[in-house]
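Worksheet: the structure to be examined is printed underneath.
Protein chains: 2
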Amino acid sequence: MNRWEPNARGRLEAAALDLYVERGFAQTTVAEIAKQAGLTERTYFRHFADKREVLFGGSEELAQLIAATIADQPESAAPIDAAAAAVEAMGDRLQPRRERAVRRQGVIAANPELQERELTKLASMATTIADALRERGTPSPTAGLAAETAIGVFKVAFERWTTAGTSSDLAQLIRDSFTDLKALLAEVSP
Amino acid sequence: MNRWEPNARGRLEAAALDLYVERGFAQTTVAEIAKQAGLTERTYFRHFADKREVLFGGSEELAQLIAATIADQPESAAPIDAAAAAVEAMGDRLQPRRERAVRRQGVIAANPELQERELTKLASMATTIADALRERGTPSPTAGLAAETAIGVFKVAFERWTTAGTSSDLAQLIRDSFTDLKALLAEVSP
DNA sequence: ACCGGTGATGTCAGGCACTGACATCACAGT
DNA sequence: ACTGTGATGTCAGTGCCTGACATCACCGGT
Numbered sequence: 001m002n003r004w005e006p007n008a009r010g011r012l013e014a015a016a017l018d019l020y021v022e023r024g025f026a027q028t029t030v031a032e033i034a035k036q037a038g039l040t041e042r043t044y045f046r047h048f049a050d051k052r053e054v055l056f057g058g059s060e061e062l063a064q065l066i067a068a069t070i071a072d073q074p075e076s077a078a079p080i081d082a083a084a085a086a087v088e089a090m091g092d093r094l095q096p097r098r099e100r101a102v103r104r105q106g107v108i109a110a111n112p113e114l115q116e117r118e119l120t121k122l123a124s125m126a127t128t129i130a131d132a133l134r135e136r137g138t139p140s141p142t143a144g145l146a147a148e149t150a151i152g153v154f155k156v157a158f159e160r161w162t163t164a165g166t167s168s169d170l171a172q173l174i175r176d177s178f179t180d181l182k183a184l185l186a187e188v189s190p
Numbered sequence: 001m002n003r004w005e006p007n008a009r010g011r012l013e014a015a016a017l018d019l020y021v022e023r024g025f026a027q028t029t030v031a032e033i034a035k036q037a038g039l040t041e042r043t044y045f046r047h048f049a050d051k052r053e054v055l056f057g058g059s060e061e062l063a064q065l066i067a068a069t070i071a072d073q074p075e076s077a078a079p080i081d082a083a084a085a086a087v088e089a090m091g092d093r094l095q096p097r098r099e100r101a102v103r104r105q106g107v108i109a110a111n112p113e114l115q116e117r118e119l120t121k122l123a124s125m126a127t128t129i130a131d132a133l134r135e136r137g138t139p140s141p142t143a144g145l146a147a148e149t150a151i152g153v154f155k156v157a158f159e160r161w162t163t164a165g166t167s168s169d170l171a172q173l174i175r176d177s178f179t180d181l182k183a184l185l186a187e188v189s190p
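Quick note, the sequences are listed as chains A and B, same order.
Residue 144 in full-length UniProt numbering sits at position 144 of the first sequence; the count goes up by one each step and never skips.
Residue 178 in full-length UniProt numbering sits at position 178 of the second sequence; the count goes up by one each step and never skips.
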């Protein structure tokens, strides 16, 4: 194996997912992941900040998608609608990767440390949404609230998606969940 | 110092908060915390699962409060109202501890690892709320959505509370945030 | 007053995540 | 060929966290 084999990062991601699925997150060492990818432990830590991060690669890309989607919304769109559009766009982006997403989610569901990291990523996306809303003039507290709400809806829909049959459509589940939420808040006491 | 000095757990919590505030989370070792509390590192790890957990002591107690509050709601209360009552009860519980909460929040705000743990605790509370709602007959997806929404509101209100003046009332801020959210969703496109 | 059980603490050894410092290698442009 | 640049390797070290076992204070029974 040449020292300069291309795509070291991708090889590390693949090796890690395989090993985490095969023998579990806690039972896998970073040294093993690196070895399977034909690299050393030290190199792993040059590509990923810690043992968990290797499972959360595309986050920055999704953040960009969110920001772009909200920026593209017409001015007339209400903040919550713009936020909804952003998470729907995420749904569309994730849809083709459903099989990998399910596999990954299995690993995450089996390990609290990984769930913790996932929550961090979702919170970061909420921040991205809120910032993008403020960028187009939404008042700060409103933006935060809309973002939190949108991410809450996303979490519920994503959970439904990964545990449902192959044919389910994430973006549609997101729309359904939003509808549910509106009904929920409509029956609230004034 | 006697080996059996009482309240080892409390001493560890106090020592940890002091040291984390004084020199930062990363620059503090568990051994130092233990020493300051008159204990050994090994004993620290018998009381707390890891270096972060020492800052999140009252979580189980809050979970109980949540469950009890929701169980006490009249049957006529809508799910979202029951969830709101739960987070308001949390607000009342935290209000007397505001000073400590602000201090703690400063440490957490300065460290991503601690923010990660905080998100985990909040997610756990969302689960507690959802379970309590299901217990009183709320359909499962509705319960999850109401819980996520209530926690989202709590986060926004808590943020306002810790960054605002001394006189602010957390429970009131929670109610205000809920009102804001209703307004937000009322202007949504149908 | 002794005595054994019980639970909290101490001691010791070790694995593994993660980091800093420095060496080494492949490749690109000159 | 020469040299700079960036990715990788090597090495040593710190600190988090755990298992196994010893030790200590207290409590209840005798």
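For each residue, glycine too, the CB sits at the ideal point set by N, CA and C.
Asked	Found
Test: A/A110 CB closer than 8 Å to a CB of chain B	no
Contact the region 145-161 of chain A vs the region 145-156 of chain B: 3+ CB pairs below 8 Å	yes
8 Å Cβ cutoff met for A/A82 and A/I66	no
Cβ-based neighbour list, A/A171, same chain, cut-off 6 Å, excluding 5 preceding and 5 following	E88, G91, D92
Rounded straight-line distance, which links the Cα of B/R9 to that of A/E22	38 Å
Where A/F154 sits in the DSSP three-state scheme	helix
Test item: CB-CB of B/R104 and B/L184 under 8 Å	no
Interface residues of chain A facing B/R117 [CB-CB closer than 9 Å]	E116
Segment contact flag, the region 25-34 of chain B with the region 42-58 of chain B, C-beta cutoff 8 Å, min 3 pairs	yes
Near-chain B residues of the region 79-98 of chain A - C-beta to any C-beta below 9 Å	P79, I80, D81, A84
Sequence-distant residues of the same chain with beta carbon closer than 8 Å to A/Q36, five excluded per side	A15, D18, L19
Spatial distance of A/L62 from A/T69 (CA atoms)	10 Å
Identity of the residue in A/F158, A/Q95, A/R117, A/L39 nearest A/F178 by Cα	A/F158
Nearest to A/G106 (by Cα), restricted to the options A/E5, A/W161, A/Y44	A/W161
CB of B/T138 within 8 Å of CB of B/P79, strictly	yes
Selected residue, minimal CA-CA separation from B/T120, among A/A130, A/P112, A/M125	A/P112
Chain B within 8 Å of A/T142, Cβ atoms only	yes
Distance between A/E5 and B/A126 (C-alpha atoms, nearest Å)	46 Å
Proximity of B/D180 and A/L145 at Cβ, strictly below 8 Å	yes
Residues near A/M1 by beta carbon distance below 7 Å, same chain, minus five either side	In this prediction, A/M1 has a pLDDT of 44, which is less than 50 and means its spatial position is unreliable; what the coordinates show is noted afterwards. Excluding sequence neighbours, A/M1 sits near G38.
For A/F178, three-class secondary structure by DSSP	helix
Secondary structure of A/Q27, DSSP reduced to three states	coil
Nonlocal neighbours in the same chain, by C-beta distance under 7 Å from B/R134, ignoring five residues either side	S140, A143
Beta-carbon separation (whole angstroms), A/L94 vs A/Y44, contact threshold 8 Å	26 Å between Cβ atoms; not a contact.
CB contact flag (B/E116, A/R117, <8 Å)	yes
Euclidean distance between Cα positions of A/N7 and A/P96	22 Å
B/A37: first and last residue of the uninterrupted alpha helix (DSSP H) it sits in	First-last for B/A37: undefined, no H or E at that position.
Selection from B/I129, B/D169, B/R175, B/V156 that minimises the alpha carbon distance to B/E99	B/D169
A/A71 beta carbon less than 8 Å from that of A/R136	yes
DSSP three-state assignment for B/A77, whether helix, strand or coil	coil
Contacts around B/T128, its chain only, beta-carbon distance under 7 Å, and the 5 residues preceding and following it disregarded	A63, I66, A67
DSSP-derived helix/strand/coil call for A/S167	coil
Listed by chain order, chain B residues near A/L145 by CB distance under 9 Å	G152, V153, V156, S177, D180, L181, L184
CB contact check: B/A123 to chain A, cutoff 8 Å	yes
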